[in-house]
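Protein sequence lines correspond, in order, to chains D and R. Yeah, the first sequence ends on 176 if you go by the numbering used here, and it's all consecutive. Yeah, the second sequence ends on 176 if you go by the numbering used here, and it's all consecutive. A short write-up of the structure that comes next.
There are 2 protein chains.
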Amino acid sequence: MKIGELARRAGVEVQTVRYYERGGLLEAPSRTASGYRTYGEHDLERLNFVRHCRTLDMPLAEIRRLLDLSRQAQVPCEDVDRLVSAHLDRVRAKLAALQSLESQLASLRAQCASGKRVADCGILAELIHAAQGVACVRHTGS
Amino acid sequence: MKIGELARRAGVEVQTVRYYERGGLLEAPSRTASGYRTYGEHDLERLNFVRHCRTLDMPLAEIRRLLDLSRQAQVPCEDVDRLVSAHLDRVRAKLAALQSLESQLASLRAQCASGKRVADCGILAELIHAAQGVACVRHTGS
DNA sequence: AGAAACCTTGTACCCGCTATAGGGTCAATC
DNA sequence: GATTGACCCTATAGCGGGTACAAGGTTTCT
Chain D
35 MKIGELARRA GVEVQTVRYY ERGGLLEAPS RTASGYRTYG EHDLERLNFV
85 RHCRTLDMPL AEIRRLLDLS RQAQVPCEDV DRLVSAHLDR VRAKLAALQS
135 LESQLASLRA QCASGKRVAD CGILAELIHA AQGVACVRHT GS
Chain R
35 MKIGELARRA GVEVQTVRYY ERGGLLEAPS RTASGYRTYG EHDLERLNFV
85 RHCRTLDMPL AEIRRLLDLS RQAQVPCEDV DRLVSAHLDR VRAKLAALQS
135 LESQLASLRA QCASGKRVAD CGILAELIHA AQGVACVRHT GS
């Protein structure tokens, strides 16, 4: 199949396939006489694998290592485990940061009562005070 | 004060200050005869405001809009609220995605028993099967 | 034969910085 | 007064993970 069909079946853009090839995530495929890339089912499987890892938010470098590892059947499975664990740790750290962020924004939004003008906006006041290192909102009368 | 002091007091890199100026987040400051930027306390406050919004993960374009709004005291506060609410929605969506990601990775990692070789690695098997659209892990012997 | 749909390479763009190169300026010290 | 070192300037390129062009070649359909 040609690149367009491969891309369509994997649900990615054509450019993305070429980008993955450049980055070594997909092997350079054979070409027709006129230079068109031709792929087989195996290439589709590999692309799907890459995409699935991407939906798990793994960086491309990590996916590349995973692909390398999977080709060496003798390597202890621990190496794979370590890679996934490290990724999981990063995801959990990001999750915690995002949760704190969510609560900050939610409480910020609660500052805004309808009908007010920007001049009296609680959100802006809060943001400005927070930016000045004031722990608690305390209107200084301005 | 010069750019180095401003940056130090706001806890950012000097390049970041210049980057914000180019992006219109900070006003172009006055210059000394030799071309050095000179800032006042007001500039520091504004930079702190920007940084605080950044710790809330707001994109620079949004911070710029917020700064614009805050200069127009007549604008209804709702506009600010809408902006923050939209951001909160995005953060919550990201949070949900990350939570699902976390559980996927955690269950993935549970596939790996120690002492195995990559040839029998549960993680890789799972990733490959998942990539092929198989809902449940089912080792085909291979 | 001509149009539409595909393919090719190469390049530039997005975000929010960060880093580097290649200079100029300023204050202190020898 | 010359040098050192810390600071400042502009311009440019890089990161990751793509996306979007431009400018052309090929294939397929009518």
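Beta carbons are placed, not taken as given, at the ideal position from N, Cα and C, and that holds for glycine. In this text the structure is predicted, and so the values were computed from the model without any measurement.
Residues in the same chain with beta-carbon distance under 6 Å from Tyr73/D, minus the five sequence neighbours each way, listed in chain order, please. Met35, Leu40, Pro63
Please go through the same chain and pick out, in chain order, the residues whose beta-carbon is closer than 8 Å to the beta-carbon of Glu47/D, but skip the five residues on each side of it. Ala41
Whole-angstrom distance between Thr66/R and Lys128/R, CA atom to CA atom: 45 Å
Indicate whether at least one CB of chain D lies closer than 8 Å to the CB of Ser141/R. no
Just grab the DSSP bridge partners of Lys36/D for me. Thr72/D
Using a 10 Å radius around the Cβ and a threshold of 16 neighbouring Cβ atoms, would you call Glu75/D buried or exposed? exposed
Residues in the stretch 120 to 138 of chain R having any Cβ partner in chain D nearer than 9 Å: His121, Leu122, Val125, Arg126, Lys128, Leu129, Ala131, Leu132, Gln133, Leu135, Glu136, Gln138
For Leu161/D and Glu61/R, I'd like the C-alpha separation in whole angstroms. 19 Å
Using a C-beta cutoff of 8 Å, does Ala41/R count as contacting chain D? no
CB contact flag (Cys111/R, Cys111/D, <8 Å): no
Touch check for the stretch 117 to 136 of chain D and the stretch 116 to 131 of chain R: three-plus C-beta pairs under 8 Å? yes
For a contact defined as C-beta to C-beta under 8 Å, what are the partners of Val114/R on chain D? Cys146, Val152, Cys155, Ile157, Leu158
With distances taken Cα to Cα, identify the nearest neighbour of Gly57/R among Val84/R, Arg71/R, Leu142/R. Val84/R
How big is the Cα-Cα spacing for Arg98/R and Ile157/D? 15 Å
Just the Cα atoms here: how many angstroms apart are Arg71/R and Ile37/R? 6 Å
Cutoff 8 Å: Pro93/D Cβ touching any chain R Cβ: no
Examine chain D for any beta-carbon lying closer than 8 Å to the beta-carbon of Leu161/R, and answer yes or no. yes
Bridge partners for Ser64/D per DSSP, in chain order? Thr72/D
Can you check the stretch 87 to 149 of chain D for any alpha helix (DSSP H) of at least 4 residues that lies completely inside it and give the ranges in chain order? 94 to 105, 112 to 143
Does any CB atom of chain R fall closer than 8 Å to the CB of Leu103/D? yes
Hey, how far is the Cα of Val118/R from the Cα of Arg143/D? 7 Å
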